[in-house]
Structure formats: C-alpha cells, structure tokens
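Engineer: Below is one structure. I have some questions about it.
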Amino acid sequence: CEEAEGKLAGVEAASKQASDEAVRETDDLRSSLAKAEARCSELDTDQTSLTEKLRRLEKVERDCKASEQVVAGLEQSLSAQQEDMERLQGDLDGETKRRSNLQKANDQLTASK
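Residues 98 to 210 in the working numbering are what the sequence shown spells out, letter by letter.
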C-alpha cells in the first residue's frame with residue numbers, strides 16, 4: 098500500500114509539474130500572440146500611412162504633369178510671339194528704310210529747287 102501511495106505521489110508530482118509547464122507554455126503563447134497582434138496593428142498603421150503618402154505622391158505627379166503641359170503651352174506661345182516680333186521688326190526696318198529713302202528724295206528735290 099505504501100508503495101502504491103509513493104507511486105501515486107510521484108504521479109501527482111509529475112502531473113503537477115506537467116500542469117505547471119502547460120500553464121507557463123500557455124502564458125508564453127498568449128504573450129507571443131499579444132506581441133504579434135501589437136505588431137500587426139503597427140503594420141496596419143504603417144500601411145495606412147504609406148497608402149496616404151502614395152496617394153499624395155500620385156497627386157503631386159498629376160499636378161507636375163499638368164504643370165509640364167502648361168509650360169509646354171507657354172513655350173509654344175512664347176515662340177510664336179518671338180516669331181511675330183521678328184516679323185514686326187523686319188516690317189519696321191523696311192518702313193524705316195522706306196522713310197529714309199523718301200527723306201533723301203525730298204531733300205534732293207528741295208536742294209534742286
């Protein structure tokens with residue numbers, strides 16, 4: 098009987114030790130799970146932040162493309178204005194030469210009288 102009680106006490110001790118280990122293991126797993134959930138939450142926040150930054154960058158890119166189109170239009174307009182100015186300068190030079198020739202002819206007529 099004493100032998101049985103000794104074996105029973107050994108089994109109870111082993112059972113208690115196994116139970117304590119299971120509780121510790123469960124606590125460790127719960128702790129790991131809590132850390133993993135916290136990390137997932139951080140990653141969700143990071144992803145949200147990165148998604149918002151990406152949206153802002155895409156908007157900046159669209160704005161830049163629109164600005165490039167405006168600049169291209171302004172460059173074309175400037176080029177056309179420069180061509181107009183060159184043409185007008187040629188017209189002015191021609192008119193100035195014509196007036197100079199008329200003045201010379203007038204001076205010659207005046208001098209011959």
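Note that the Cβ used here is the ideal one computed from N, Cα and C, for glycine as well.
I need the boundaries of the alpha helix (DSSP H) containing lysine 104, first residue and last residue.
Structural biologist: Counting along the chain, the alpha helix (DSSP H) containing lysine 104 begins and ends at 99-209.
Engineer: Tell me the rounded alpha-carbon separation between serine 196 and leucine 175.
Structural biologist: Inspection of the sequence shows that residue 196 is occupied by arginine rather than by serine. When rounded, the distance between both Cα atoms is 31 Å.
Engineer: Of all Cβ atoms in chain C, is any one closer than 8 Å to the Cβ of leucine 154?
Structural biologist: Note that chain C does not occur in the displayed structure, where there is just one protein chain.
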